[in-house]
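Under full-length UniProt numbering, residues 1 to 274 are what the sequence shown spells out, in order.
Where is the CB? At the ideal position from N, CA and C, for every residue including glycine.
Below is one structure, written out as structure tokens; comments come after it.
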Amino acid sequence: MPLEKCPQSPVICEQRVLIPNEHGEKLVGLLHQTSSKKLVILCHGFRATKDDSILVDLADAITKEGISAFRFDFSGNGESDGEFQYGSYRKEAANLRSIVLHFSEQKYDIIALIGHSKGRNAVLLYASKYHDVPIIVNISGRFALERGIEGRLGKNYMRRINKDGYIDVKNRKGELEYRVARASLEDRLSTDTLFSSRAISKDCRVLTIHGAKDEIVPAEDARQFAANIPNHELRIIAEANHRYTGHEEELASLVLDFLRSHLHQGTSRLRPKL
């Protein structure tokens, strides 16, 4: 996409970017380029895409601050290559690594990773392993990964998946939505959120935002993050649900305030090393 000036907008251009992951799959994203090389990377949740309204709204708010933003599809989602997987927590963190390295090579200063819902697993796993991005924002993430499975897969899901090797999840019309393989479920159940939370560097600042009326992930999960991540701030929005319906501006304001406070404090020593 050619570089285009946007009247009365801090965005110089919006550019579709293709980045190969470690498996050679193309990850597709949209770069909102401002005049600044400071960059925030946004990660979508379960069965969502880069075009999720939460990511679109946050990218808009961030670029109005003069900071560039990048939102992308994890492998197997949206426009990106690969097969959709129910778990894939470690693979999504590896996807994120490919994104970070690409933009680091392009001389961007990656100041923050933001993940909504399942996307927070990628950003927190990344932070626990690489220790090179100074700000992490966890929006409505699940701490207790053993919870919430029965609601999607039904009762006796372990017995069924051990018998058949997979579970097909169908919609109300009986149409197949996605297949959950045994390895994918085991990936979720073996992902240790407690360990990864405690492994995040004290030099990394982490913000958790959660809705008190979240109907998907209870706000108690946010408090568990707060209790186990070293350099952490917690913000509960009293009336917000999982999608922050009617609270979009409050969500963006909390994110921007957190980013501003870091920028005012100066340069962090956490930076990707090529």
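- Inter-residue distance for K155 and I161 is about 11 Å (C-alpha atoms, whole angstroms).
- Classified as exposed, Q106 has fewer than 16 neighbouring CB atoms from the shown chains inside 10 Å of its CB.
- Taking the CA atoms as reference points, S140 sits about 11 Å from R235.
- Of P230, K213, L263 and I110, the smallest CA-CA separation from G246 is found for K213.
- S196 and S128 have their alpha carbons spaced roughly 5 Å apart.
- The distance from the Cβ of L18 to that of K50 is about 13 Å, inconsistent with a contact at the 8 Å cut-off.
- Here the stretch 105-121 does not lie against the stretch 176-183, with fewer than 3 beta-carbon pairs under 8 Å apart.
- By the criterion of a C-beta distance shorter than 6 Å, L254 is surrounded in its chain by I209 and R235, once the five residues flanking it on both sides are discounted.
- Shortest Cα-Cα distance from F258 to any of N231, A238 and E239 involves N231.
- Burial state of G174 is exposed, judged by a 10 Å Cβ sphere holding fewer than 16 other Cβ atoms.
- For Y126 and A93, the gap between their C-alpha atoms comes out near 5 Å.
- A distance below 6 Å between beta-carbons, with the five flanking residues on each side excluded, links G165 to the following residues of its chain, in chain order: R182.
- According to DSSP, D168 shares a beta bridge with R179.
- Residue environment: E25 is assigned as buried (16 or more neighbouring CB atoms within 10 Å of its CB, all protein chains considered).
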